[in-house]
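For reference, the structure discussed in these notes is given below.
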Amino acid sequence: MLITCPYCGPRDVIEFTYQGDGNRERPQPASQDLDAWNAYVYDRLNPAGDHNEIWQHSGGCRTHLRMVRNTVTHEISSTGFARGDHNAAARHKAGGKS
Amino acid sequence: MSPRRTETGGRIDRLRTIRFTFDGAPYTGHAGDTLASALLANGVTLFGRSFKYHRPRGLLSAGVEEPNALVTVLRGEVREPNIAATMVEIYDGLVAVSQNRFPSLAWDVNAVNQLGGKILAAGFYYKTFMGPVFGPLKGTRFWMFCEHFIRRAAGLGKAGIAADTSRYERMNAFCDVLVVGSGPAGLSAAKAAADQGARVIMTELEPRFGGSANWSGETIDGAPAADWAARTVTQLEGHDTVRLLPRTTAWGYYDGNTIAALERVTDHKETPGKGEPRHRYWAIRAKTVVLATGSFERPLVFPGNDRPGVMLAHAGERYANDYGVLPGDRIALFTNNDSAYRSALALKKAGAAIVAIVDVRPELSAEMRSLATEAEAEIVSGHAVVATEGGKALSGLKVQRFDMNSGTLSGDARSIHANCLLMSGGWSPTIHLASQAGARAEWNADRQAFLPPKPTQQQWIGAGAFNGSFSTVEAITEGRAAGLSAAGATGAPAAVPDVEATPGNPDPAPVFEIKAKGKSFVDFQHDVTAEDVRLAHREGFVSVEHLKRYTTLGMATDQGKNSNVPGLAIMAEALGKPIPEVGTTRFRPPYSAVSIGSLAAERFGDLKPERLTPMHDWHLANGATMYSAGLWFRPMIYGLAGETIEQAYVREARATRESAGIVDVSTLGKIAVQGPDAGEFLDRVYTNMFSTLAVGKARYGLMLREDGLAFDDGTTWRLGEQDFLMTTTTANTGKVMQHLEYFLDVIWPELKVTVTSVTDEWAGAAIGGPKARAILAACVTGTAVDNTALPFMGIVRGQIAGVPVMICRLSFSGEMAFEVYSGAGYGTHVWEALVEAGKPFGLVTYGLEALGTMRIEKGHVTGAEIDGRTTARDLHLDWMLSKKKPFIGSAMMDREGLIAPERLQLVGLVSLDNRPLNGGAHIVEELDAANPHDSIGHITACCYSPALGKHIALALVEGGKARHGTRAFVSDPLRKRFGPVEIVSNHFYDPDGSRMHG
Chain Z
89 MLITCPYCGP RDVIEFTYQG DGNRERPQPA SQDLDAWNAY VYDRLNPAGD
139 HNEIWQHSGG CRTHLRMVRN TVTHEISSTG FARGDHNAAA RHKAGGKS
Chain C
34 MSPRRTETGG RIDRLRTIRF TFDGAPYTGH AGDTLASALL ANGVTLFGRS
84 FKYHRPRGLL SAGVEEPNAL VTVLRGEVRE PNIAATMVEI YDGLVAVSQN
134 RFPSLAWDVN AVNQLGGKIL AAGFYYKTFM GPVFGPLKGT RFWMFCEHFI
184 RRAAGLGKAG IAADTSRYER MNAFCDVLVV GSGPAGLSAA KAAADQGARV
234 IMTELEPRFG GSANWSGETI DGAPAADWAA RTVTQLEGHD TVRLLPRTTA
284 WGYYDGNTIA ALERVTDHKE TPGKGEPRHR YWAIRAKTVV LATGSFERPL
334 VFPGNDRPGV MLAHAGERYA NDYGVLPGDR IALFTNNDSA YRSALALKKA
384 GAAIVAIVDV RPELSAEMRS LATEAEAEIV SGHAVVATEG GKALSGLKVQ
434 RFDMNSGTLS GDARSIHANC LLMSGGWSPT IHLASQAGAR AEWNADRQAF
484 LPPKPTQQQW IGAGAFNGSF STVEAITEGR AAGLSAAGAT GAPAAVPDVE
534 ATPGNPDPAP VFEIKAKGKS FVDFQHDVTA EDVRLAHREG FVSVEHLKRY
584 TTLGMATDQG KNSNVPGLAI MAEALGKPIP EVGTTRFRPP YSAVSIGSLA
634 AERFGDLKPE RLTPMHDWHL ANGATMYSAG LWFRPMIYGL AGETIEQAYV
684 REARATRESA GIVDVSTLGK IAVQGPDAGE FLDRVYTNMF STLAVGKARY
734 GLMLREDGLA FDDGTTWRLG EQDFLMTTTT ANTGKVMQHL EYFLDVIWPE
784 LKVTVTSVTD EWAGAAIGGP KARAILAACV TGTAVDNTAL PFMGIVRGQI
834 AGVPVMICRL SFSGEMAFEV YSGAGYGTHV WEALVEAGKP FGLVTYGLEA
884 LGTMRIEKGH VTGAEIDGRT TARDLHLDWM LSKKKPFIGS AMMDREGLIA
934 PERLQLVGLV SLDNRPLNGG AHIVEELDAA NPHDSIGHIT ACCYSPALGK
984 HIALALVEGG KARHGTRAFV SDPLRKRFGP VEIVSNHFYD PDGSRMHG
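Protein sequence lines correspond, in order, to chains Z and C. In our numbering, each residue carries its 1-based index in the first sequence increased by 88. In our numbering, each residue carries its 1-based index in the second sequence increased by 33.
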């Protein structure tokens, strides 16, 4: 499997570490809603088809990617920074395209 | 000359004689021989005994698909079992032995199993051994009784127990075009692609490139096909961009057009060259793969089709043309298609008498009739072989009139005298790699074969027999087109090659089995008969996947290369369905056997990575016994002459508590946490507060996982307002780093913090004991180290022997102790200065054993207690759980199950019988050695405590603290250690910390 790291370009899967289901939403740190926490910590989607996943380029630049991978064919239809738009300004500063 | 070797012909070197042994008997062969061809040349017909029935078996094939002739090759003490004799190239001194026979191949006591054929039919194991236990010898318990005998009787070669000393390598390669297979199709594809300037890799699992061109006897572009192949190889070798890999099996097709291949580098050599690995694992990433993997000839299924001397037709032709060996001198053929006629003619030309060609088809083309005439063979059309005769070699066969449409036999059986029977049941394209790549094979009624579909996701192109295009003209034409297309060229394909070949229709008659009395084998290696397949159907197995598992058809080491299609055809007939409706099983990697060593490659043995601390050489030079902890090497003890390990660590720990000791702590994980939000970040990561920590101070911190269980602990030092140095346990460093990065990158990208692994930048030495401060005072310059300048958990900077150091006063041993950090390159320099300064004070160096002993005495936790199942409360670290702020795990840590009073909690144990305790031993309330029951916990760490003079341990025990002062027992049935213990606080030694605070 080839994964396209937004920094490093297409690299072999051996350089990456799977970091879990990308659909989990972490409750606010002070939240006491145990159901929400339970869903975040334990519930995972398990689709046969496109899946939103977090991967880390652990054997390279160590950035985290959010990618859509088909769990049946292993086809990767999109990859990007996991941090999404949160850090657009910082990325721009680092020379990336905003 | 050997009895079956021809005077001329073949591609062996008759001038080079090679000596080897098989089952202890000496034989000779020639350079270019395989073990199979050399033994066949010596008149050997018996190669092995079958899996279940121990029937005598000879060669079925001449290639990788061989199911019968499996041997064990010995190199010194190292044995490699289950290798096809057809794939073993002989070398001087080769030692091979046969398998699955006792006491000898020719006389095998288990051959009596043949008489019990009905009992050993499909499902034998399930029916006999599964199910409830009624009596002493029923069901599963019966299996346990019989297993030893069955395992010995049924099976393959014995694995060796000697360590494999060979080296294995891994190689990554990249190319535009990977060509798998080097027959006429593969060679043409490689040549076409290479001529376009593409980077090409071509793999061939046999020693020689050329495939069928080496033995087809055809003429290509005016030259013998073998010469054409050799010339093409020479042309390919002239390209800088081409890499040719002989003896290399492409065995796995993975995502992203990655092919796994195994190169057998030295298996064919008497002595490997210097530095050569035995096998090389190739991970080849190709833009386009050309699959030119050819096809397998199928056996016909009829009674006695497994007798030695019955062989695939092309194999007989190949032994004659490639190796100059006649498989027999009176040869009969049995076929449902035209290809066998070419084989008959080839063997006639090589010097054998062709006694008959038995063909199931009533009508034959004029071309086939003329080929038979040329071979001086009698044509027995509209007939089938119904029996074979002979023991360890074939003596004859019986034929009967056969109606192809109804499958019925009629008339009297007629005997034919022959010592070799060549059979051909049509051809199956070798579609394994395409199937692995996700392609679902499609049944082609003309070819009576599963053909590869059009590729979808993967970028592969098929060529030649792989596509069901069995003629050499088609192979070359398709190969060229595939090569051009793979190289991205759009030009017109080259002219049609000029090939002189025997004529023939590629479509066989749809006949797979002749139903007559006797055992007809479908899967030769696993002894699965046609009747077994029908039995499976009668017992309700309708899916091919279930059929496969119930009968074990296609599950042997050959993975059904011969048996797949005949098995499906027989199943389809039983079901009354056409073959495409029954479908086929999907092939999975590996295509053929892969050595485990090649998969491990550099991760094992002398190429395995190691991590050494900056002081490693000093430790070795000063008597340390090293201990491997993960990839790290750390001193275990610094033993004196004649000391046991226990004597050494007891001395080291005692001396540390009496005067001072020093230990290398460079392996601790170190992470620089820096930035304006570093304090806030640490508050979220640790259960306790770090934003309030003063610059120049350190604090012990605990991390939880998101689910509220304990994760890691360590001290973090505040070196500046925005600059923290976090330490982690040695084993968890990588996990903690990933944890921090994940939160910074994914969850809290707004925090202005960077984390950097600096483990390798610092050398660390911990010096502890009553004299530690005096030793530091004697060698540190630039700072005071007294209680005011360096209070507990304080940090100062100074120099030792002219080198800048950072010193933090903290303690793991429970003594007054200091961690001294310097740049990694100065580690030994500073260490030596500390050791020198400590000499007048009786300083000892100590290793992991003493370190562990002192931490157990203090009741500190490590990975043995933070085992992924314990909470902060279980470990009595709840005082570290801040109530002022949320942190990772804070929301989940108070769930009902995590605060239950009966949870396992950390306690100390003291052995009451003065005998050592064992890690992993259970703690029980009632001792019952005969029938151990009701564990209340287990030991996590144990030692002899020099400070207490007792054997002690840390343990996780139900109810924990409530049991302090009570008695329990250790129960360790595996090591037969039972005895009384007292449960006490985990803080055995200096519980109020007066020694550490000084």
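Quick reminder that beta carbons are idealized off the backbone N, C-alpha and C, glycines included.
- In the three-state scheme derived from DSSP, where H, G and I count as helix and E and B as strand, C:His-272 is classed as coil.
- In terms of beta-carbon proximity, Z:Ala-136 stays away from the interface with chain C, with every pair separated by 9 angstroms or more.
- Listed in chain order, the non-local C-beta contacts of C:Gly-289 below 8 angstroms within the same chain comprise Arg-318, local neighbours out to five positions each way being set aside.
- Linking Z:Gly-97 to C:His-772 through their CA atoms gives a straight-line distance of about 24 angstroms.
- C:Asp-209: member of the beta strand (DSSP E) spanning 201 to 213, first to last residue.
- Nearest to C:Lys-785 by alpha-carbon distance, out of C:Val-791, C:Thr-792, C:Trp-795, C:Glu-774, is C:Glu-774.
- Here C:Arg-49 is not bridged, per DSSP, to any residue.
- The alpha-carbon separation between C:Ala-563 and C:Ala-373 amounts to approximately 23 angstroms.
- With respect to C:Arg-37, C:Asp-362 sits close: the two C-beta atoms are nearer than 9 angstroms.
- Take the alpha-carbon of C:Gly-306 and the one of C:Thr-904: they are about 57 angstroms apart.
- With a threshold of 9 angstroms between beta carbons, C:Phe-825 makes no contact with chain Z.
- Judged by DSSP in its simplified three-state form, C:Ala-549 adopts coil rather than helix or strand.
- Arg-717: these are the residues of the region 705 to 725 of chain C whose beta carbon lies less than 8 angstroms from some beta carbon of chain Z, given in chain order.
- In the DSSP annotation of this structure, the continuous segment of the beta strand (DSSP E) that includes Z:Gly-97 starts and ends at 97 to 100.
- In the displayed model, C:Tyr-352 falls within a helix according to three-state DSSP.
- Judged by beta-carbon spacing, C:Pro-647 lies within the 9 angstroms limit of C:Gly-860, meaning their Cβ atoms are closer than that value.
- Cβ neighbours of C:Gly-638 within its own chain (closer than 7 angstroms, five residues either side excluded): Arg-200.
- Beta-carbon to beta-carbon, C:Ala-58 and C:Val-358 are separated by about 18 angstroms, too far to satisfy the 8 angstroms threshold.
- According to the DSSP assignment, C:Phe-845 belongs to no beta strand (DSSP E), since it is labelled neither H nor E.
- Annotated as distal: C:Leu-455 and C:Phe-329, with beta-carbon spacing of 9 angstroms or more.
- Between C:Gly-537 and C:Met-344, the C-beta spacing is not below 9 angstroms.
- For the 9 angstroms CB-CB criterion, C:Leu-881 and C:Ala-727 do not form a contact.
- The continuous beta strand (DSSP E) containing C:Pro-114 extends over residues 111 to 117.
- In the DSSP annotation of this structure, the continuous segment of the alpha helix (DSSP H) that includes C:Thr-689 starts and ends at 678 to 691.
- At least one C-beta of chain Z is nearer than 9 angstroms to the C-beta of C:Glu-739.
- Residues of chain C with a Cβ closer than 7 angstroms to the Cβ of Z:His-145 do not exist, since the nearest Cβ in that chain sits about 10 angstroms away.
- With respect to chain C, the C-beta atom of Z:Arg-132 has no partner C-beta closer than 9 angstroms.
- Under the Cβ criterion of 9 angstroms, C:Gly-871 is not counted among the residues facing chain Z.
- Membership of C:Ala-633 in the alpha helix (DSSP H) is indicated by the continuous run 629 to 633.
- Residue state for C:Pro-36 is assigned as coil, using DSSP reduced to three classes.
- Within chain C, the residues whose beta carbon sits less than 7 angstroms from that of Z:His-162 are Asp-288, listed in sequence order.
- Not one beta carbon of chain Z lies nearer than 9 angstroms to the beta carbon of C:Ser-631.
- Contact between the region 103 to 111 of chain Z and the region 141 to 161 of chain Z is present: 3 or more CB-CB pairs across the two stretches fall below 8 angstroms.
- When the Cα atoms are used, C:Cys-975 and C:Lys-804 turn out to be separated by approximately 27 angstroms.
- Against Z:Ser-119, the close residues of chain C are Pro-919, Ala-924, in the order they occur along the chain (beta-carbon pairs closer than 9 angstroms).
- The C-beta of C:Tyr-775 comes closer than 9 angstroms to at least one C-beta of chain Z.
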